[in-house]
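Here the sequence shown stands for residues 397 to 1142, where the numbers follow my numbering. Written below as structure tokens is the structure these notes are about.
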Amino acid sequence: MVIARMTKLTSILGSVLFLVHAAFGQTTGQISGTVTDEATQEPLAGVKIVIVETTLETMTGQDGSYTLIDVPPGQYEIKISRIGYESVSLSTTVSLNEGTKLNISLTESIISMPKVVVSAEKLAERTSVSDMALTKRMLQSRHGLMEDPLRVIQTMPGVTTLGDLFSPSQIYIRGGAPEENLFMLDWVRVYWPWYFGGMKSIYNTDIVETVELLTGGFSAKYGNALSSVLNITTREGNRERISGDFSFGFINTQGRVEGPLTSKASYLVTGRRTYLDLILKESAEFPVPSFADFNFKFSYEPAAGHHIDVNGFLSKENVDFIAADPDPGSPDRILTDGNLNTQSIEWKALFNTNLYSRLSLLRARPTYSVGVGRNLNFEIDGSTVGVREDLTWELHPNHELKTGFELTQTTFETSGNIPLDPSEIDPTDTSVQLTSYDFSEDTWSGGGYLQNSWELLPVLTLTGGGRFDYFSLNEKTDLSPRFSIHYKLDSKTALRGAWGHYYQFPNSQDVAREPELQSSLAIHYIVGISREFNNAFHGWVEVYQKDYQNLVVVNTLEDYSNDGHGFARGIEFFLRKKTGSLVGWLSYALSVAKRKWYLDTQEYDFDFDQRHLLSLTLSYNFPESYKSKWYMPAVIALTSRYASGRPYTPIVSAERNLNGGWVPVRGETNSRRFPFFENPNLRVEWQFSMSRKLQGTSFIEIWNVSNRRNVLGFSYQYGEEYLNNVNAQPYYTTPFLLAGGFSIGF
């Protein structure tokens, strides 16, 4: 109401001034337009419009409109901002006696430093070191045969992976281990976001609003993560009309339907399922994994400035294989069953133009069981409920305060049987002695943060704050100071830096064995420079150092300690072309990661140390006149990664044990490296119209265009007929593979 009255008053004053200028001769112009939400296209009230380096400013009314009058002719920079949304800066020209129309769309704020942001809806301007935004179309043309948005993340600097189509695709950030990354889906923590042992992530590209990846130096908003944070936010359903699609891909089919419920509510529902297990059924001579999942999102806007989302994710993966004639020593049955159910309710509220709230209630229920032959089996049953509140408060035009808290209660149970002697791993031998374990624990954790961003000068912004985290199992509290700085050298160049302490709780089972275990600590140091070269190109360079302390070390089966430490350091280069028919990016990272564990005499190359990593991603969008011809492609995309080999510990020989079996003798830890890795992939897409309402897309993708045999690892044979009694045989990545798929949308 206040905003509406202010807008009305401004309009009246504007009318009076207009009459005065009409009487005495106009010498100025005006700027007007409408501000909307990028995702929903709804008008935004309370948006601040400022002409930089002048006293001219205004705010949008309830209908999202604004007008700036008495603007002298000239070139201006316009800053558009609202609590809870990303700020936008635009250049515009005002002419004498003419009005300038400037309509703007804002996206919800997800900015924190430094990070990579992959947005499904907007090609946004860069606002901090290591962040970027991609259109949904670009995301879909790069997610590969697995149709996995995390495959796009793997092309960013500082992000490494095994790199094969059918191998685990967990990501390693800046020399960190995969368990150092925090994964979330609509703010619900996901402890294992993968299918098939890590081959494919659970995330569905079709519902992605944003993929937020923070690679280091992130703000006090996030805790319990040593290396990175990845949060995928699902998008809202279509408020204008009912739409959907059905697609048939390389390993699964999927469908989507979305539309309006009322003028203020919408829904989005998707489902996926693999099909190979349905085709092969019981005729398969090897284990065939399967998965199915279901996403839903209901969005409702009860009043202006208030928004409620109800999110849900249900998934199931399964392997049930019975061998008709198993080889000696091989299991006669392999059975796995995994389920993940997550739900969340989120209320976003703009109480006034200076106070924005985001309240989330969440629940997650993961279960998993494995059985191999007669001897190996284990079960995991977990349950998590939690609440999170984030507040953003503009205390002053130069001060933005952020604060919040989170509380989580977790129940975890696991049990199973394993061989007493790891060398007695034959799952068919009933004489093998087994040891049983049964572990359960109820824990809760809590955290809170406070952070202030201070625009000390028009070119200088300082952000400082901290957070605390408490873990009930070891009854310890961690305090994490965090600081970042942003300095504009000019309108296109910026310097940024960050420093902070980042803690991660120890594993519950480890704390049960050693109650005095502390949280592991990583101290981040980051300095970077970014540059907008023109409207088409932008790039950045960043140098980082991570010092690890108090890493959990397994000294013996029952002896755990915080004696591990290490470091990771590197430099990253990134260049992106973001406009035109040809778009893409080139990135290079040089890094070193070392660790030292209990009783080690020296630091050694860490398992995930990859010295050189070069990635190239390009796509060419053909003109509309070409797309109208059925045989002409709409998009051609190339994704290629080149990397130096990862370290590994070789088996140099083998010796007989007392029972006459062979025991491998290992060399120095990570003293050798795999060969150089190369993996170029090419994708071609066609678009076609089936009717006025039905549109189709088809694609062909070539995996490993160069057909390079990249070494993934070694299998070993032992015997006196081999040199030093051991024979190492390499196994390789997927060779040249041609596959395709299609989708039909309405």
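The C-beta atom is built at its ideal place from N, Cα and C for all residues, glycine as well.
Distance between residue j and residue i (C-alpha atoms, nearest Å)
{"i": "E851", "j": "T857", "result": "4 Å"}
{"i": "L519", "j": "N648", "result": "Its pLDDT being 28, under 50, L519 is placed unreliably in this model, and the coordinates cannot settle the point."}
{"i": "R522", "j": "F933", "result": "Any reading at R522 must be qualified, since the residue scores a pLDDT of 35, below 50, and its modelled position is unreliable; the value itself is stated next. C-alpha separation (whole angstroms): 11 Å."}
{"i": "L751", "j": "T859", "result": "18 Å"}
{"i": "L672", "j": "G572", "result": "35 Å"}
{"i": "Y1128", "j": "V937", "result": "34 Å"}
{"i": "S740", "j": "F694", "result": "11 Å"}
{"i": "D728", "j": "K942", "result": "46 Å"}
{"i": "H539", "j": "P545", "result": "5 Å"}
{"i": "A616", "j": "R878", "result": "6 Å"}
{"i": "G861", "j": "N848", "result": "6 Å"}
{"i": "K884", "j": "H920", "result": "22 Å"}
{"i": "E517", "j": "P1046", "result": "Any answer about E517 is weak, because its pLDDT of 31 lies below 50 and its placement is not dependable; what the coordinates show is given next. Their Cα atoms are separated by approximately 47 Å."}
{"i": "H703", "j": "G442", "result": "15 Å"}
{"i": "L413", "j": "Y462", "result": "Since pLDDT at L413 reaches only 30, below the 50 mark, its modelled position is unreliable, and the value read off the structure follows with that caveat. Each residue's Cα considered, the two are about 16 Å apart."}
{"i": "S501", "j": "Q437", "result": "8 Å"}
{"i": "S639", "j": "F682", "result": "39 Å"}
{"i": "T732", "j": "V766", "result": "4 Å"}
{"i": "L947", "j": "G554", "result": "21 Å"}
{"i": "R1007", "j": "A964", "result": "11 Å"}
{"i": "G1041", "j": "T556", "result": "11 Å"}
{"i": "Q471", "j": "L541", "result": "47 Å"}
{"i": "W743", "j": "D433", "result": "16 Å"}
{"i": "P1060", "j": "Y1114", "result": "8 Å"}
{"i": "A1135", "j": "G593", "result": "23 Å"}
{"i": "A918", "j": "G645", "result": "40 Å"}
Residue i burial status per 10 Å Cβ neighbour count (16 or more: buried)
{"i": "N930", "result": "exposed"}
{"i": "E1116", "result": "exposed"}
{"i": "T675", "result": "Checking the sequence shown, residue 675 turns out to be Ile, not Thr. I675 should be labelled exposed."}
{"i": "K677", "result": "exposed"}
{"i": "N376", "result": "No information on residue 376 is available, as it lies outside the stretch 397 to 1142 that the chain covers here."}
{"i": "T873", "result": "exposed"}
{"i": "E968", "result": "buried"}
{"i": "D996", "result": "exposed"}
{"i": "E1051", "result": "exposed"}
{"i": "K1196", "result": "Any question about residue 1196 goes unanswered here, given that the chain covers just 397 to 1142."}
{"i": "L657", "result": "exposed"}
{"i": "P1126", "result": "exposed"}
{"i": "S876", "result": "buried"}
{"i": "A1124", "result": "exposed"}
{"i": "Y599", "result": "buried"}
{"i": "A1030", "result": "buried"}
{"i": "D602", "result": "buried"}
{"i": "I718", "result": "exposed"}
{"i": "E1064", "result": "exposed"}
{"i": "I506", "result": "Low per-residue confidence applies at I506: pLDDT is 41, beneath 50, and the placement is therefore not dependable, though the value from the model is reported in the following sentence. So I506 ends up on the buried side."}
{"i": "G980", "result": "buried"}
{"i": "K1025", "result": "exposed"}
{"i": "L746", "result": "buried"}
{"i": "F1002", "result": "buried"}
Candidates the options, of which the one nearest residue i by Cα
{"i": "S1036", "options": "Q998, V1048, N1077, R1042", "result": "N1077"}
{"i": "F801", "options": "W789, V783, F808", "result": "V783"}
{"i": "L787", "options": "L846, N620, I476, G734", "result": "L846"}
{"i": "V586", "options": "V715, T463, N735", "result": "N735"}
{"i": "P836", "options": "S1040, P793, N903, S880", "result": "According to the sequence displayed, residue 836 carries Ser and not Pro. Out of S1040, P793, N903, S880, N903 has the C-alpha closest to the C-alpha of S836."}
{"i": "H882", "options": "S501, P1060, V855", "result": "V855"}
{"i": "G924", "options": "G613, E654, F1004", "result": "G613"}
{"i": "G843", "options": "A621, K1089, I730, G976", "result": "A621"}
{"i": "H961", "options": "S977, V939, A989", "result": "A989"}
{"i": "I474", "options": "L1133, V448, T551", "result": "V448"}
{"i": "K444", "options": "S483, R652, E713, G425", "result": "S483"}
{"i": "N794", "options": "Y1038, L853, P589", "result": "L853"}
{"i": "Y591", "options": "W583, V1048, R668", "result": "R668"}
{"i": "E928", "options": "T975, S1102, E912", "result": "T975"}
Residue(s) in a DSSP beta bridge with residue i
{"i": "N1123", "result": "Q1113"}
{"i": "D728", "result": "Looking at the DSSP assignment, D728 forms no beta bridge with any residue, so it has no partner."}
{"i": "I881", "result": "L858, G893"}
{"i": "F687", "result": "E713"}
{"i": "E605", "result": "Paired residues: none, contrary to the question."}
{"i": "S643", "result": "Q650, S1139"}
Interface flag, residue i vs chain C, CB-CB below 8 Å
{"i": "V665", "result": "Absent from the structure: chain C. Only one protein chain is present."}
Check whether the region 882-900 touches the region 555-571, counting contact only when three or more Cβ pairs, one atom from each stretch, lie closer than 8 Å. no
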